[in-house]
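In this note's numbering, the protein residues as written are 350 to 1289. Each remark here refers to the structure printed beneath this line.
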Amino acid sequence: MKTPKFQPLGRAAAALAIALAGTLPAFAVTAVPAMAEANAPAPTGSVPAASPSPAATDPAPAASPSPAAPVPAPSDAPLAGSSAVPSATPISDAGLAEAVRRDLGMTLAEFDAAGALARRAADAAPSLRALPGYVGISLSGGKIAVEGVGPDLRARVAELNRSGPADFLLAAPAAATAVPSAAELLASSTQQLFEAYVREVGTAGLQAVTYTDGHFVIRTGGTNTAQSVPASGAVLDAGLNLEPAGEPGTKMSAAEFVARYANVTLEQGSRITTEEDYFGGQGYIVDGRTLCSAGFGAFSPAGEPLVLTAGHCAGDGSAKQAEIENPAGAPAAGGAGSGEAAGILGTFGFSQFGGSGNSRVASDGTNVGTDITVLQGIRRGLDLQPAVTRWDNPADPGPTSVKIVGTVAPFQGQPVCRSGRTTGWRCGTVDSVGIWAIPGPNSLPPDYDNDLRAVRGFDSTSVTSGGGDSGGPWISGNFAVGLHTGAESTDEGVQTRAIATSLEDAMGHVPGGVQLQLFLAKPTLAAAFNAPVTAGEPITGHIDAGPASVVAPNSKVRITVLNHKPGQTPGQKDGEPLEVPVDASGNWQFPAPSSAGTFKFSAETVNGFSGSGTVALSVDVSSLAAPAITSPVDGPGLAAIETIAGTGEAGGTVRLSGDLTGTGLVDADGRWSINVADQPVFGKISVTAVLTAPGEVDSPAVTRTYSVIPPAPAVSNLRDGKHLRQDALPATISGRAIDGADVAVAVDGVAVDSVQAGPGSGAAETALEPGITQTSAGSARWSVPFPAKLAAGAHTVTVTQAIDGVASLPAAVAFVVDAAPAPGGTPAGTPGSGKPGAGTPATPGQPAVPQQPANPAGAPSGPAKPVQAPAPPSDTSVSVGGTAPDNTAPDSTAPGNTPGTADQLASTGAGGLLPVAGLGAGALLLGAAFVAFGRRRAVR
350 MKTPKFQPLG RAAAALAIAL AGTLPAFAVT AVPAMAEANA PAPTGSVPAA SPSPAATDPA
410 PAASPSPAAP VPAPSDAPLA GSSAVPSATP ISDAGLAEAV RRDLGMTLAE FDAAGALARR
470 AADAAPSLRA LPGYVGISLS GGKIAVEGVG PDLRARVAEL NRSGPADFLL AAPAAATAVP
530 SAAELLASST QQLFEAYVRE VGTAGLQAVT YTDGHFVIRT GGTNTAQSVP ASGAVLDAGL
590 NLEPAGEPGT KMSAAEFVAR YANVTLEQGS RITTEEDYFG GQGYIVDGRT LCSAGFGAFS
650 PAGEPLVLTA GHCAGDGSAK QAEIENPAGA PAAGGAGSGE AAGILGTFGF SQFGGSGNSR
710 VASDGTNVGT DITVLQGIRR GLDLQPAVTR WDNPADPGPT SVKIVGTVAP FQGQPVCRSG
770 RTTGWRCGTV DSVGIWAIPG PNSLPPDYDN DLRAVRGFDS TSVTSGGGDS GGPWISGNFA
830 VGLHTGAEST DEGVQTRAIA TSLEDAMGHV PGGVQLQLFL AKPTLAAAFN APVTAGEPIT
890 GHIDAGPASV VAPNSKVRIT VLNHKPGQTP GQKDGEPLEV PVDASGNWQF PAPSSAGTFK
950 FSAETVNGFS GSGTVALSVD VSSLAAPAIT SPVDGPGLAA IETIAGTGEA GGTVRLSGDL
1010 TGTGLVDADG RWSINVADQP VFGKISVTAV LTAPGEVDSP AVTRTYSVIP PAPAVSNLRD
1070 GKHLRQDALP ATISGRAIDG ADVAVAVDGV AVDSVQAGPG SGAAETALEP GITQTSAGSA
1130 RWSVPFPAKL AAGAHTVTVT QAIDGVASLP AAVAFVVDAA PAPGGTPAGT PGSGKPGAGT
1190 PATPGQPAVP QQPANPAGAP SGPAKPVQAP APPSDTSVSV GGTAPDNTAP DSTAPGNTPG
1250 TADQLASTGA GGLLPVAGLG AGALLLGAAF VAFGRRRAVR
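The following block contains the structure:
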């Protein structure tokens, strides 16, 4: 549970009232010391905590942590002769996205981007800070807000935006929330304000001087009590003096000091306590008595492994030895109190809590320091990892830990996460950055202000912590931000904010300096270098950022040649490794040796003393240069490829592979050509050429890609001009295409369906329409359902086939849908019955011929007229007689016909003259025969 901040105006008013009254209300918040202790020699059970008053509660409960978001944490090798400790395992980002979403409401990409943005802000801060008018810098809405005014500042912001993404914006400093009428000064930096406050007010009750939301904040409250307590567990008095009265004649009150500044506010806070209670966030035991958390792996100037943690855990240099706490017993893993000692971690080296030499705040406020300890002499065989545990799997933290690739300074609004052996993994945002006053181990009651230590740091009201989390890592994305220092809590034990020291500043205080241990992935060869490379040409490779968000800046690849020959590798001194730079995208390269053959070497990604571990690589080096492919030239789309041609070394042989194959000699003029017309291929195709010669390693390969348009598919069961009856439409539209092609069918421009052509996609119809050859259209079948309820009239079906996304021209077929006969016709007779209206049965394949009555009722008398020929039938089986092909009666009657004669021509009324005309014609023929016979006889 968190206690919200007082509003700045309310705080200023409260501070003024306190200054006038000189007292603090009885309900004021108090400090809760939360130093975790361990029972020597093997600590177990609960973690006792000293309480400042009988009413105070223990702020370091053995709470079980919630699942955490991924954070880079070192994983440890097995400890010989000790309890099990997590072994070094491959590191992954499993679960990170979910944890970041839950704790920060952000996606993993947003979390990584915020870390990268903070890194860019940190790089720019020194140049901005040196300019007149600069006030502060913060992160907001995915932008870097530079607060200040002036032409120099404006020019620098514009320059930064030109050199990269336009992330920077210049913002006028926010007006102070409460501006006293007598205000005449403007604070320009936390350092200047801190020094002025210590000189003119003193350190009593001072907690922090920070910058946030466009203004400076002086935070006072119950002076922070020490976290180190006597081993006997004696309870310290929690006396509180929120507002010092000032030393008569020489000091002023905090309210009076703040009233002089237009951009400074006063806040009332609770007492801040350090939390001394291994594996970036994993616990360690100090001299068998107290518990803290490891921060980050590092290296000494000589390359010796180190662990960075909080300075106050060293007891002002009195601590000697650190042992690894078995993580299974830590509260963050669900344990009660502390885990057993699981082997030596190392010994205490340099430490600083406060000013130089662990000094308290000087009377002029100039000795602002830090809170850092260096654990050295790390036990041999212990494998520190450049990562932070999330405590979601304490027995095997590596796979879900977050990798560290660099450092970044804290900024207001920056998303951060921290890890510790007590409360596990917690996330939130940075609220303010500045100088914090923390009580040292010699602080005495009632106010604990006699040994205040000033450290540069930052705070967060959305991040929680507990006793024993001290020294643990704070990160943003994959960048290290700080080391956990302590927390502010109320008298009731409710934490109001967590506080950390800034890592970049802290590392600068270590004599000789230290290097942060970084996560680095092993180098790999570029995919093309599974094939040979020409002597002297670049060998290229890549380093993956994953599972981190970026490759650690300023990384290199160290190349060591196996069986090296003098002068074999350009740029490499004999007997020494060759280091080549890695660009921002993770790419690297170096020249191949001048001699042909198999070139073997080892490669390792390095960054200072950090390394990925070596990997053995080899490349075939050829004395032959790669050939060139000059034809065809890829364009919007080729209809076919018949020849591949190019240039190369005369006398060599070019060999093609990929979608097209073949070989050809290089002529004396350096040209070659290979006929591939017998290899029809379509879609996106790839052709690779190498030059070969007897006794030589093949040349490097050259590859070209082309888009070849497939032919139009064939439609099998429709032809141009075909008539279809609306009530007898076919079930499918089908045809042929290239095997595996994606066939898309549309009618009148409206998509009908798409299907992949293949042996199992055929319809019953397999014959191709005339003019479409199987070779050009393809031999695989395709079929889609015919669109239902297609309206009567003219229609066009278009069909395309696509291979690898390259589509053919459409095959188009026009057809006509004839309207179905209207319902309501009544048969006038039964076929073959001999009754009027009955039709003569049709022979198979022929339409029925209707029988007409000799003289239909109502038919006009007169000369006979010839019978009109019936209209040609449509392509479907439409009846022209009195009966449909399915032996059902027609459902409509043509105008002028008798019922039951649908689909016949209209009656002319001449049907009764046909028998008479037939008899007359027969008589004439017979008479003509007799005349001809008589004439023949007369001539004879």
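Here a beta-carbon is modelled for each residue, glycine too, at the ideal position from N, C-alpha and C.
For the pair Gly683 and Ala677, the Cα-to-Cα distance works out to about 8 Å.
Pro746 is not a Cβ neighbour of Val830, given a cutoff of 8 Å. Val635 carries a strand assignment under DSSP once its states are collapsed to helix, strand and coil. In this structure Trp1131 touches Val1092 by the C-beta definition: roughly 4 Å separates them, less than 8 Å. The segment 625 to 645 makes no contact with the segment 545 to 559, as fewer than three CB pairs between them are under 8 Å.
The beta carbon of Ala536 is closer than 7 Å to those of Leu542, Phe565, Tyr610, Asn612, Val613 in its chain, skipping five residues each way along the sequence.
Note that the segment 824 to 840 does not touch the segment 925 to 936; fewer than 3 beta-carbon pairs, one per stretch, sit closer than 8 Å. Taking one beta carbon from each stretch, the segment 814 to 834 and the segment 456 to 465 have 3 or more pairs nearer than 8 Å; the two touch. If you look at Tyr546, you'll find it in the alpha helix (DSSP H) that goes 539 to 549. Counting other Cβ atoms within 10 Å of its Cβ, Asp1027 stays below 16 and is therefore classed as exposed. Check the Cα spacing between Glu925 and each of Val1104, Gln938, Ser951: the tightest is with Ser951.
At least 8 Å separates the beta-carbon of Ala690 from that of Val863. The alpha-carbon separation between Gly984 and Val1146 amounts to approximately 29 Å. Within a 10 Å sphere around the beta-carbon of Arg511 sit fewer than 16 other beta-carbons, which makes this residue exposed.
With respect to the 8 Å criterion, Leu867 and Gly962 are not classified as neighbours on the basis of their beta carbons. In this structure, the straight-line span from the alpha carbon of Asp780 to that of Gly706 is close to 29 Å. Non-local C-beta neighbours of Val484 in its own chain, meaning closer than 6 Å and more than five positions away in sequence, comprise Glu496, Gly497, Pro522, ordered along the chain. Counting only residues of its own chain and dropping the five nearest sequence neighbours on each side, Gln938 has a CB closer than 8 Å to the CB of Pro887, Ile888, Thr889, Gly890, Val929. The beta-bridge partner set that DSSP reports for Gln938 consists of Thr889. DSSP places Asp1091 in the uninterrupted beta strand (DSSP E) bounded by 1091 to 1096. Going by C-alpha positions, Leu534 is about 19 Å away from Arg478. About 4 Å separates the Cβ atoms of Thr719 and Ala855, confirming a contact at the 8 Å cut-off. Ala870 places its beta carbon less than 8 Å from that of Thr954. In this structure Pro764 is in contact with Met455, their Cβ atoms being roughly 6 Å apart against a cut-off of 8 Å.
Considering only His1072, Pro748, Pro735, Gly692, the residue with the shortest C-alpha distance to Arg729 is Gly692. Non-local beta-carbon contacts of Asp1088 in its own chain, meaning distances under 8 Å to residues more than five positions away in sequence, involve Ala1106, Gly1107, Pro1108, Gly1127, Ser1128, Ala1129 in chain order.
Under the three-state reduction of DSSP, Glu508 is assigned to helix. Taking the Cβ atoms as the reference, Gly1032 lies roughly 6 Å from Val1057, within the contact range of under 8 Å.
Phe628 places its beta carbon 8 Å or farther from that of Ala668. A residue is called buried when at least 16 other Cβ atoms come within 10 angstroms of its Cβ; Thr947 does not meet this threshold and is exposed. Between Val1162 and Asp1097 a beta carbon distance of about 12 Å is seen, past the 8 Å cut, so the two are scored as non-contacting.
In the displayed model, His661 falls within a helix according to three-state DSSP.
Val970 is positioned such that its CB atom lies closer than 8 Å to that of Ala941.
Residue environment: Asn675 is assigned as buried (16 or more neighbouring CB atoms within 10 Å of its CB, all protein chains considered). With a 10 Å radius around the Cβ and a threshold of 16 neighbouring Cβ atoms, Lys949 comes out exposed. Restricting attention to Leu731, Gln701, Gly686, the CA atom closest to the CA of Leu694 is found in Leu731.
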